[in-house]
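Have a look at the structure below, then the notes.
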Amino acid sequence: MDGVKNEMELREVVEVSKRKDFEDYERLGNKVLKISKSLAILGPLLMGIATIGSVFVDNIGWWSWTYLVTLLAGSLAAVVNSFEHGGQVGMVFEMYRFCGGFLRLLEETVEVTLEEKDMEKRENGEVFENKVAMQLGRSGFELRELASKSASCRREGIAMDELLASSSSKL
Amino acid sequence: MSLLVPKISTTNSFQETNASTDTNPFEENVKPKALYDESVRNLNTLNNKNKITTTTKFLAILELVTDRVEMHHNVGKQRDNWNILLLNSINMITLSAATMSGLVATCPGSGAPLLGLKLSSTLLFCAATGLLLVMNKIQPSQLAEEQRNATRLFKCLQTKMEATVALESPSEEDVNDVILKVLALDRAYPLPLLGAMLEKFPEKFEPAVWWPRPDKISQPHKEKTKREKMEEGLVNGWSEERNGTEGGC
Numbered sequence: 024m025d026g027v028k029n030e031m032e033l034r035e036v037v038e039v040s041k042r043k044d045f046e047d048y049e050r051l052g053n054k055v056l057k058i059s060k061s062l063a064i065l066g067p068l069l070m071g072i073a074t075i076g077s078v079f080v081d082n083i084g085w086w087s088w089t090y091l092v093t094l095l096a097g098s099l100a101a102v103v104n105s106f107e108h109g110g111q112v113g114m115v116f117e118m119y120r121f122c123g124g125f126l127r128l129l130e131e132t133v134e135v136t137l138e139e140k141d142m143e144k145r146e147n148g149e150v151f152e153n154k155v156a157m158q159l160g161r162s163g164f165e166l167r168e169l170a171s172k173s174a175s176c177r178r179e180g181i182a183m184d185e186l187l188a189s190s191s192s193k194l
Numbered sequence: 004m005s006l007l008v009p010k011i012s013t014t015n016s017f018q019e020t021n022a023s024t025d026t027n028p029f030e031e032n033v034k035p036k037a038l039y040d041e042s043v044r045n046l047n048t049l050n051n052k053n054k055i056t057t058t059t060k061f062l063a064i065l066e067l068v069t070d071r072v073e074m075h076h077n078v079g080k081q082r083d084n085w086n087i088l089l090l091n092s093i094n095m096i097t098l099s100a101a102t103m104s105g106l107v108a109t110c111p112g113s114g115a116p117l118l119g120l121k122l123s124s125t126l127l128f129c130a131a132t133g134l135l136l137v138m139n140k141i142q143p144s145q146l147a148e149e150q151r152n153a154t155r156l157f158k159c160l161q162t163k164m165e166a167t168v169a170l171e172s173p174s175e176e177d178v179n180d181v182i183l184k185v186l187a188l189d190r191a192y193p194l195p196l197l198g199a200m201l202e203k204f205p206e207k208f209e210p211a212v213w214w215p216r217p218d219k220i221s222q223p224h225k226e227k228t229k230r231e232k233m234e235e236g237l238v239n240g241w242s243e244e245r246n247g248t249e250g251g252c
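Line order of the protein sequences matches chains A and B.
For the first sequence, position 121 (counting from the first letter as 1) is numbered 144 according to our numbering, and the numbering increases by one without interruption.
For the second sequence, position 33 (counting from the first letter as 1) is numbered 36 according to our numbering, and the numbering increases by one without interruption.
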């Protein structure tokens with residue numbers, strides 16, 4: 024009885040983490056990827072404009088306005104570059120990738136453990152539950168609370184929004 | 004006198020065990036027992052040998068993992084350095100080139116000095132564009148973060164392996180498991196830049212995978228049975244054919 028209860032709790036938690044956290048990371052990751060990509064294209068583009076402009080810079084005649092383009096493009100390129108690499112946008116993207124991988128690993132670990140039919144071969148239930156809870160930055164009690172909340176929400180058909188406000192991972 | 008007694012008894016027993024190999028008719032009944040003992044001992048040593056081989060394998064992998072931790076740490080530092088140096092130099096080059104262009108536009112007159120300023124500003128802009136293209140292609144900050152993650156995961160694996168060795172002697176399964184893990188980690192965080200570098204701007208966000216996936220685990224099991232068959236013909240871990248060729252040489 025207790026084992027079945029444990030299983031239900033773990034499944035519930037995995038479900039929540041998949042629906043809430045993983046999607047969060049996916050959304051943010053896609054956003055950061057877009058930003059990083061556009062910055063990476065924008066920087067060299069501005070720099071190229073500045074390069075071409077600098078060829079035509081002159082202080083007399085019809086070409087005298089090109090210095091404006093060159094200076095603007097050059098300084099903008101410096102700003103974009105600082106923003107991209109000083110702000111380490113690539114690092115942020117990699118971090119999201121890592122977090123998404125972490126959640127997926129957790130999900131797969133729980134699945135593999137619960138699929139093992141032989142109770143003796145399984146990892147000790149209490150130890151495993153505590154491990155999962157600690158990995159999500161909660162105590163065992165808090166994990167159980169989250170699971171029961173999620174289960175009751177589904178049973179009564181309440182919109183998940185309220186529950187989703189409290190994500191499974193506190194990290 | 005009392006000290007002599009145990010001495011005598013030990014020599015006696017020694018003789019007895021030795022005598023079992025002799026064809027002494029009085030001690031025939033000892034023979035089968037000794038044979039049995041011998042076979043058990045043989046079995047034990049075989050088992051022990053296997054165990055020692057497995058432990059040696061495991062420790063070799065542990066050594067490699069420790070080395071990997073250090074390697075990824077160093078490479079991560081180096082990539083972080085790239086980020087700082089490239090960022091600073093590109094910014095300096097861009098700003099000085101822009102200043103030069105501004106000087107050309109504002110200074111009165113014409114001639115060689117202005118041409119020099121113009122040329123150098125163009126050159127600097129060209130260099131900055133090239134550097135920026137390279138930097139945006141490899142994204143040093145992302146590379147550094149990858150290596151940091153790899154360091155962390157390898158350290159985790161190292162701790163786990165050390166715990167396994169400390170608790171009990173590792174089994175063959177442990178060794179295979181660890182090998183799979185190391186290979187998966189290597190695949191997830193490759194060291195070389197050319198060819199093997201992770202895609203920096205993938206079409207879609209996909210989480211990193213650094214553990215052996217369950218659908219891939221079934222494959223090595225097949226390999227394992229094949230390998231076990233192969234291992235039957237091994238002498239001290241070497242195939243006999245090789246010994247033969249060496250002898251022939």
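Glycine included, every Cβ here is placed at the ideal spot set by N, Cα and C.
Nearest-angstrom beta carbon gap, residue j and residue i [assumed within contact, 8 Å]
i                : j                : result
Ser172 (chain B) : Lys80 (chain B)  : Ser172 (chain B) to Lys80 (chain B), Cβ: 36 Å. No contact.
Ser144 (chain B) : His108 (chain A) : 6 Å
Lys41 (chain A)  : Glu130 (chain A) : 6 Å
Cα-Cα separation between residue i and residue j, rounded to whole angstroms
i                : j                : result
Asn50 (chain B)  : Thr57 (chain B)  : 11 Å
Arg155 (chain B) : Met164 (chain B) : 14 Å
Met114 (chain A) : Asn152 (chain B) : 11 Å
Leu68 (chain A)  : Arg71 (chain B)  : 39 Å
Asn147 (chain A) : Val78 (chain B)  : 39 Å
Thr74 (chain A)  : Pro111 (chain B) : 22 Å
Phe61 (chain B)  : Ser105 (chain A) : 47 Å
Arg161 (chain A) : Met142 (chain A) : 26 Å
Thr69 (chain B)  : Glu202 (chain B) : 27 Å
Leu126 (chain A) : Phe45 (chain A)  : 7 Å
Phe157 (chain B) : Trp213 (chain B) : 10 Å
Arg34 (chain A)  : Ser173 (chain A) : 11 Å
Leu187 (chain A) : Glu38 (chain A)  : For Leu187 (chain A), the pLDDT reaches just 46, beneath the cut-off of 50, and the residue's location in the model is therefore unreliable, leaving the point undetermined.
Asn91 (chain B)  : Lys60 (chain A)  : 21 Å
Ala96 (chain A)  : Thr109 (chain B) : 18 Å
Arg145 (chain A) : Trp85 (chain B)  : 46 Å
Ala101 (chain A) : Met103 (chain B) : 15 Å
Leu117 (chain B) : Gly76 (chain A)  : 15 Å
Ser175 (chain A) : Leu196 (chain B) : 50 Å
Residue i burial status per 10 Å Cβ neighbour count (16 or more: buried)
i                : result
Trp241 (chain B) : exposed
Pro215 (chain B) : buried
Leu186 (chain B) : exposed
Ala199 (chain B) : exposed
Lys207 (chain A) : Beyond the ends of chain A as shown, which are 24 and 194, falls residue 207 (chain A); an answer cannot be given.
Thr125 (chain B) : buried
Ile72 (chain A)  : buried
Lys57 (chain A)  : exposed
Asn239 (chain B) : exposed
Arg190 (chain B) : exposed
Val133 (chain A) : buried
Ser87 (chain A)  : exposed
Leu170 (chain B) : exposed
Lys219 (chain B) : Because the pLDDT of Lys219 (chain B) is 49, which lies under 50, any placement of that residue in the model is unreliable, and the question is left without a value.
Heavy atom of the ligand COA within 8 Å of residue i beta-carbon
i               : result
Asp70 (chain B) : Ligands in the displayed structure: none, and consequently the ligand COA is not present.
Chain-ordered chain E contacts of residue i [CB-CB under 7 Å]
i                : result
Leu128 (chain A) : Reference to chain E is not applicable here, since the protein chains of this structure are A and B.
Taking only runs that begin and end inside the segment 77-129 of chain A, name each unbroken beta strand (DSSP E) of 3 or more residues, in chain order.
-> Positions of the beta strand (DSSP E) runs, each at least 3 residues long and wholly inside the segment 77-129 of chain A, cannot be given because no such run exists.
Segments assigned beta strand (DSSP E), at least 3 residues, entirely inside the segment 62-100 of chain B = none
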